[in-house]
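Asks:
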Amino acid sequence: MGTHLVVDAWGAPADLLNDPEKIRRGMIEAIAAGEATLIDLCVHQFSPHGVTATATLAESHIAIHTWPEYGYFAADLFFCGKGKPVVAMEVLQKALQAKEMTMQETDRGFPSHVAAELQLEASVS
């Protein structure tokens with residue numbers, strides 16, 4: 376059904392991680408690079424610091440949560456169907472200047488035996 380990325384990134388400048396407009400621009404650049412379709416983008420500034428941004432995509436979503444005081448952000452990207460989530464994440468890492476990043480990639484959907492049954496049912500219908 377799709378690809379789900381769970382990302383931890385650190386070593387990013389605090390001023391970038393606390394700037395909602397730069398995060399908004401980074402998200403838009405990442406969405407374009409990932410060949411996804413933006414439906415809605417919500418960016419929230421916390422007090423005294425930190426930003427959360429969520430993008431609803433035709434392909435699913437991107438979410439990012441920042442901890443500027445630690446130079447850290449967590450991101451979650453789920454793309455179903457078309458799109459390039461890894462490319463989107465690389466653009467976001469560059470935009471927020473994270474020096475290090477770990478990324479776990481998980482294929483989402485049905486186990487192979489269920490998928491085979493669904494394909495068989497679809498072909499009979």
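This note's numbering puts the first residue of the sequence shown at 376, with every later residue one more than the last. The beta-carbon is built from N, C-alpha and C at its ideal position, and this holds for glycine as well.
What are the start and end residues of each continuous beta strand (DSSP E) run of 3 or more residues lying completely inside the stretch 409-472, in chain order?
Replies: DSSP runs (the beta strand (DSSP E)) wholly in the stretch 409-472: 413-420, 426-432, 435-442, 447-455.
Asks: Hey, would you say I437 sits closer than 8 Å to I406, going by beta carbons?
Replies: Contact: yes.
Asks: With 16 as the cutoff for other CB atoms within 10 Å, does M464 come out buried or exposed?
Replies: Answer is buried; the Cβ neighbour count reaches 16.
Asks: Can you say whether G409 is buried or exposed, counting buried as having 16 or more other CB atoms within 10 angstroms of its CB?
Replies: Counting Cβ neighbours within 10 Å, G409 comes out buried, since at least 16 surround it.
Asks: Going by Cα to Cα distance, which pick from M402, F421, G425, V461 is closest to I414?
Replies: Checked all of M402, F421, G425, V461; the closest Cα to I414 is M402.
Asks: Can you tell me which of the three DSSP states A387 falls into?
Replies: If DSSP states are grouped into helix, strand and coil, A387 belongs with coil.
Asks: Starting from the C-beta of C417, find all residues in its chain whose C-beta is less than 6 Å away, skip the five residues before and the five after it, and write them out in chain order.
Replies: Contacts found: T429.
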